[in-house]
Amino acid sequence: MSIHPDLSSAVGGTPLLRLRHASRLTGCDILAKAEFLNPGGSIKDRTALGLLLDAERSGELRRGGTIVEGTAGNTGIGLALIGASRGYQSVIFMPDTQSREKIDALRVAGAEVRLVPAVPFKDPRHYVHIARAHAGQLNATAAGSAWFANQFDNTANRDWHENTTGPEIWAQAGGKVDGFVCAAGTGGTLAGIGRALKARNPAVKIALSDPAGSALANYINRGELLAEGGSISEGIGSSRVTENFRDAPVDLAWSIPDQESVPLLHQLLHEEGWCVGGSSGVNLAGAIRLARELGPGHTIVTILADAGTRYQAKLFNPAFLRDKGIPVPEWLDQAFPG
Ligand code: PMP
8 MSIHPDLSSA VGGTPLLRLR HASRLTGCDI LAKAEFLNPG GSIKDRTALG
58 LLLDAERSGE LRRGGTIVEG TAGNTGIGLA LIGASRGYQS VIFMPDTQSR
108 EKIDALRVAG AEVRLVPAVP FKDPRHYVHI ARAHAGQLNA TAAGSAWFAN
158 QFDNTANRDW HENTTGPEIW AQAGGKVDGF VCAAGTGGTL AGIGRALKAR
208 NPAVKIALSD PAGSALANYI NRGELLAEGG SISEGIGSSR VTENFRDAPV
258 DLAWSIPDQE SVPLLHQLLH EEGWCVGGSS GVNLAGAIRL ARELGPGHTI
308 VTILADAGTR YQAKLFNPAF LRDKGIPVPE WLDQAFPG
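Following this line, the structure appears as structure tokens:
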């Protein structure tokens, strides 16, 4: 018998999938961790749980308290759902550029959602600074009533991936992993899994697939935090080195344009039935690049971070895609004529 007593215990333990097209294309085994199957629909359920358990243990989050976070959406959804199941309220600050589907999912999950303008991190109105200040205000009024989750710089995020996601991948692949690649938002996934895999085999190559518009690929390749272009992907890319990203053991990095990543996720849906979001397309593009770098016969692992339905109005909208200069497959045009 295997029965999960609550939502927290149903986080993680996701299947490892073999991606047929990418494997055939490269002569490698391209494997992907199906993180969109987590209860809140994304890999960030793990982050939310890891941060929350750490805060309960340290006493920072007290019984009946309020969780406060700044997030592109998925971490907030994870925190709100896990929070609800453990008796906490959530207040989520989010840039107003994120998908309507994620905002609605947060509200449905019971979070108080506060949308703020998307401004650079150095601006004090940035959603992360506003979230931190809000938690500070709540604590000034009632000491210990609020906890700021701080996913970008709280390394309990990375540690949770190092202790759960990484070991799951190693065990599911039977220890045959030659490379791992994914994008970074907070960097928790890449750094945590990278550290776990390198600890088991230092020869495993760890790569960053960075969306256009992010500064991290240039930071790895040239030591310069320089961003060029832009991307429709959400939740990934960064203009700064977070505490979670700082010690990530990254061997290779590429900047991936939407024109490369989005067609891959369209194809994955149409030919293999997996409906995933924009960051997963960037990860898949990175997996194909890493496979080409290592050559045929290798095993490459990546992440399918969340579901495509969370971005329906963008990723599967021919007019939106055309406007962004992204190719529209014939079947998608036929599905939404006019
Ligand atoms: N993909 C999606 C869809 C996300 O929401 C996020 C996190 N914002 C990531 C990838 C990046 O994960 P991490 O924060 O662990 O770098």
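Each residue of the sequence shown is one higher than the one before, starting from 8 at the first, in the working numbering.
Ideal placement from N, C-alpha and C gives every residue a C-beta, glycine not left out.
At a cut of 8 angstroms, does the region 128 to 135 reach the region 109 to 117 through at least three beta carbon pairs?
-> Here the region 128 to 135 makes no contact with the region 109 to 117; the two share fewer than three CB pairs at distances below 8 angstroms.
Quick one: is the Cβ of ASN161 within less than 7 angstroms of any heavy atom of ligand 1?
-> no
Check whether the region 269 to 289 touches the region 153 to 165, counting contact only when three or more Cβ pairs, one atom from each stretch, lie closer than 8 angstroms.
-> no
Output the boundary residues of the alpha helix (DSSP H) element that contains ILE84.
-> 81 to 93
Using 7 angstroms as the cut-off, classify the Cβ of THR316 as near or not near the heavy atoms of ligand 1, replying yes or no.
-> no
Residues near PRO124 in its chain [Cβ-Cβ closer than 8 angstroms; skip 5 each side] = Closer than 8 angstroms at the Cβ level, and outside the excluded window around PRO124, lie PRO102, ASP103, ARG132.
TRP177, DSSP secondary structure in three states | helix
Where the alpha helix (DSSP H) through TRP338 begins and ends = 337 to 342
Burial state of GLN144, where buried means 16 or more other Cβ atoms lie within 10 Å | exposed
How long is the line joining the alpha carbons of SER216 and LEU197, rounded to whole angstroms?
-> 10 angstroms
Given LEU291 as reference, the closest of ALA203, LEU14, ARG64, SER262 once Cα atoms are compared | SER262
Could you check the C-alpha separation between GLY66 and LEU32 for me, to the nearest Å?
-> Spanning the two alpha carbons is a distance of roughly 50 angstroms.
beta-carbon LEU3 near ligand 1 non-hydrogen atom, thresh 7 angstroms | No information on residue 3 is available, as it lies outside the stretch 8 to 345 that the chain covers here.
Is THR193 near ligand 1, judged by its Cβ being under 7 angstroms from some heavy atom?
-> yes
Measuring from the CB of GLY242, is there a heavy atom of ligand 1 at a distance below 7 angstroms?
-> For GLY242, the shortest C-beta to heavy atom distance toward ligand 1 is below 7 angstroms.
Should the region 314 to 330 be called in touch with the region 55 to 75, which here means at least 3 C-beta pairs below 8 angstroms?
-> Touching, no.
Validate contact between the region 93 to 100 and the region 172 to 191 using beta carbons, cut 8 angstroms, 3 pairs = no
At least three beta-carbon pairs within less than 8 angstroms, the region 278 to 295 to the region 21 to 30 | yes
Buried versus exposed, by CB contacts within 10 Å (16 or more), PHE252 | Looking at its Cβ environment, which holds 16 or more other Cβ atoms inside 10 Å, PHE252 is buried.
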